[in-house]
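Sequence lines, in order, name chains A and B. Residues in the first sequence are numbered consecutively from 47, following the numbering used here. Residues in the second sequence are numbered consecutively from 47, following the numbering used here. Using N, Cα and C, we set each Cβ at its ideal position, and we do this for glycine too. Have a look at the structure below before the remarks.
Number of protein chains: 2
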Amino acid sequence: MRHRRIPEATVARLPLYLQALVTASDQGTETISSGGLARASGVNSAIVRKDLSHLGAFGTRGVGYRVDELVDEVSEVLGLSQDRAVVIVGIGNLGRALAAYDGFDRRGFRIVGLLDADRSKHGSELEGRVIEPVDQLEQIVRERSVTIAVLATPAEHAQQVADRLVAAGITGLLNFAPVHLDCPDHVSVRNVDLSTELQILSFYEQLAAAEPSPGAASTG
Amino acid sequence: MRHRRIPEATVARLPLYLQALVTASDQGTETISSGGLARASGVNSAIVRKDLSHLGAFGTRGVGYRVDELVDEVSEVLGLSQDRAVVIVGIGNLGRALAAYDGFDRRGFRIVGLLDADRSKHGSELEGRVIEPVDQLEQIVRERSVTIAVLATPAEHAQQVADRLVAAGITGLLNFAPVHLDCPDHVSVRNVDLSTELQILSFYEQLAAAEPSPGAASTG
DNA sequence: CTTTGTGAAATCCTTCACAGCG
DNA sequence: CGCTGTGAAGGATTTCACAAAG
């Protein structure tokens with residue numbers, strides 16, 4: 047079943063598989079079965095097989111999948127072979143933590159700009175990069191071929207910054223501000239909201255106070 | 047259709063509605079239609095109506111929903127009326143940012159402990175709280191009635207810390223470490239992983255390089 | 001005339017179960 | 001034998017569309 051139209055649910059799981067696969071590879075494991083990968087990723091083994099069949103990865107019956115081969119295959123499908131220029135807008139507590147996060151480079155995401163509206167922050171260094179004025183957003187996005195932006199501004203400015211980013215040509219947006227962003231269809235938006243997650247946990251806590259075991263897991 | 051068995055997908059959207067509702071309330075809006083709430087939350091209006099019908103909230107036909115009433119109703123269902131004690135384990139860059147995040151208190155999540163394994167951090171202050179040794183995890187969880195833990199440790203320690211938290215009685219876990227945590231069914235786990243989100247964005251970027259508009263949105 | 005609440009249809013996702021290959 | 005790959009069944013979620021209420 048080679049090729050395209052990979053279901054959204056599958057796409058959301060590929061990064062989890064990749065994590066497990068890289069770990070397995072680091073430990074010297076050469077092959078892994080759908081059951082093994084399933085256990086390591088917290089899903090059902092039939093799902094693993096179906097997901098992998100969507101990308102045409104062929105395992106060996108009676109054996110499993112070659113770890114290295116799968117790492118390559120999944121990376122390829124996720125587009126991790128080419129590297130992508132990323133800007134972070136909003137260098138508060140969270141923005142600072144994100145700038146320091148080493149998971150960016152490790153998978154081909156190159157941070158090429160740290161922008162903030164606060165004049166007093168301009169010019170100061172962070173992780174070897176200078177903080178630049180958000181006024182220059184458009185030039186920076188164009189000149190540095192930025193395709194993905196991380197939004198860590200206060201909620202009240204998020205939409206207008208998003209509009210400018212989109213107008214400047216960004217097509218992927220990772221939004222940490224606790225607001226819904228209205229963006230054109232050609233832009234992919236992923237939202238990460240602490241307070242949303244806590245509230246979901248709260249709901250299941252509340253349930254457990256009466257009934258037996260629920261449980262919940264989410265997009266990483 | 048009063049009461050229980052609220053679908054998981056609905057639960058995941060309630061915090062979004064709440065956000066939109068609080069914003070509307072702050073602006074003095076008294077009633078809101080399913081369409082209005084849908085636009086503000088980025089979903090379809092039929093979904094809003096079905097979701098709200100699950101919690102038995104009654105709107106007024108021809109008018110919509112009373113904003114204040116809905117805020118109360120949704121908060122109640124999410125269990126936000128009682129406040130919950132939270133610990134953050136792992137006070138690195140991310141942990142520090144989380145400790146400073148003001149969204150915790152605003153909805154009844156009280157941070158009652160900041161724990162780290164690094165001896166040199168113990169005793170230092172952060173946001174008015176002292177950083178304590180992770181060795182005391184069990185006592186802290188029990189004595190301060192902690193039910194939710196935020197895990198911001200390095201990936202390699204996450205599972206063992208999770209095991210200890212669970213053993214100590216935690217039932218909700220917000221995991222920022224990029225690993226799958228194996229926890230008993232009675233514990234709810236939500237994963238937040240930057241690198242996963244970036245990879246999902248990367249996939250859709252890659253698609254757009256050939257075809258027309260996809261798009262993706264996620265649990266906040 | 002507007003907007004809710006909801007059955008019924010459509011779509012998407014997961015799980016089962018097994019044929020068939022190595 | 002063990003394990004993949006996949007049709008078919010089973011669930012869950014979303015969307016449609018409309019009757020009924022204010």
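query, result
"Output the distance between the C-alpha atoms of A84(B) and T56(A), rounded to the nearest integer angstrom.", "26 Å"
"So what's P200(A) in DSSP terms, helix, strand or just coil?", "coil"
"Rounded to whole angstroms, what is the Cα-Cα separation between H226(B) and L126(B)?", "27 Å"
"Where DSSP assigns a beta bridge to G110(B), which residues make up the other side?", "T106(B)"
"Spell out whether any CB of chain A is found under 9 Å from the CB atom of N139(B).", "yes"
"Which residues in chain A sit within 8 Å of A66(B), going by Cβ to Cβ distance?", "H226"
"List the residues of chain A that T75(B) touches, going by C-beta distances under 7 Å, in chain order.", "What T75(B) touches in chain A: nothing, since even the nearest Cβ is about 16 Å away."
"Are the C-beta of P61(A) and some C-beta of chain B separated by less than 9 Å?", "yes"
"Buried or exposed: which applies to G266(A), given that a residue is buried once 16 or more other Cβ atoms fall within 10 Å of its Cβ?", "Residue placement at G266(A) cannot be trusted, given a pLDDT of 42 that sits under 50; what the coordinates show is reported in the next sentence. It is buried - the Cβ of G266(A) has at least 16 other Cβ atoms within 10 Å."
"Excluding five sequence neighbours on each side, which residues of the same chain lie with their C-beta closer than 6 Å to the C-beta of T75(A)?", "V113"
"Quick one: does I194(A) have its CB under 9 Å from some CB of chain B?", "yes"
"Would you report the Cα separation of L244(A) and R142(A), rounded to the nearest angstrom?", "22 Å"
"Going residue by residue through the segment 90-178 of chain A, where are the continuous beta strand (DSSP E) segments of at least 3 residues, counting only ones entirely within it?", "130-135, 155-162"
"Buried or exposed: N221(A), going by 16 or more other Cβ atoms within 10 Å of its Cβ?", "buried"
"Quick one, which residues of the segment 146-178 of chain A are near chain B if we go by CB-CB under 7 Å, in chain order?", "A146, Y147, G149, R153, F155"
"Would P224(A) be called buried (16 or more neighbouring beta carbons within 10 Å of its own) or exposed?", "buried"
"Using a Cβ-Cβ cut-off of less than 7 Å, give me the residues of the segment 194-216 of chain B that come near chain A, in sequence order.", "I194"
"I believe E115(B) touches G218(A) by the beta-carbon criterion, under 8 Å. Please report the beta-carbon distance rounded to the nearest angstrom.", "Not confirmed; about 38 Å, so no contact."
"Kindly list the residues whose CB is nearer than 8 Å to the CB of I216(B), restricted to its own chain and excluding five residues on each side of it in sequence; keep chain order.", "V187, V192, T193, I194, A195, V233"
"In chain order, what residues of the segment 79-94 of chain B put their CB closer than 7 Å to some CB of chain A?", "A86, S87, G88"
"At a CB-CB cut-off below 7 Å, which residues of chain B make contact with L124(A)?", "Q245, S248, F249"
"Taking 8 Å as the limit between beta carbons, can you name the residues of its chain near I93(B), skipping five residues before and five after?", "R59, A84"
"When the cut-off is 9 Å and only beta carbons count, does I134(B) lie next to chain A?", "no"
"Pull out every residue of the segment 102-125 of chain B whose Cβ sits closer than 8 Å to any Cβ of chain A, in chain order.", "V123, L124, G125"
"Among the residues of its own chain, which have a CB less than 6 Å from the CB of S264(A), if the five just before and after it don't count?", "Below a pLDDT of 50, predicted positions are generally treated as unreliable, and S264(A), at 46, falls in that range; the measurement from the model is reported next regardless. If we look at S264(A) and ignore the five residues flanking it on each side, it has no Cβ neighbours."
"If you follow the beta strand (DSSP E) that L220(A) is in, where does it begin and where does it stop?", "218-221"
"How would you call S87(B), buried or exposed, if buried means at least 16 neighbouring beta carbons within 10 angstroms?", "buried"
"Does the separation of the CB atoms of L3(A) and V132(A) fall below 9 Å?", "Missing from the structure shown is residue 3(A); chain A here goes from 47 to 266 and no further."
"Which chain B residues sit within Cβ distance under 7 Å of V57(A)?", "I246, F249"
"Give me the residue from G159(A), Q128(A), Y147(A), A201(A) with the minimum Cα distance to D239(B).", "Y147(A)"
"If you reduce the DSSP assignment to three classes, tell me which class V235(B) lands in.", "strand"
"Using a threshold of 8 Å, is the CB atom of R190(A) nearer than that to any non-hydrogen atom of the ligand HEM?", "Although the ligand HEM was asked about, the structure shown includes no ligands whatsoever."
"With burial defined as no fewer than 16 other Cβ atoms inside 10 Å of the residue's Cβ, what is the status of D129(B): buried or exposed?", "exposed"
"Under the rule that 16 or more other beta-carbon atoms within 10 Å means buried, what is S166(B), buried or exposed?", "exposed"
"What does a CB cutoff of less than 7 Å around R190(A) pick up in its chain, not counting 5 residues either side in sequence?", "A131, V158, G159"
"Going by DSSP in three states, T75(B) sits in which element: helix, strand or coil?", "coil"
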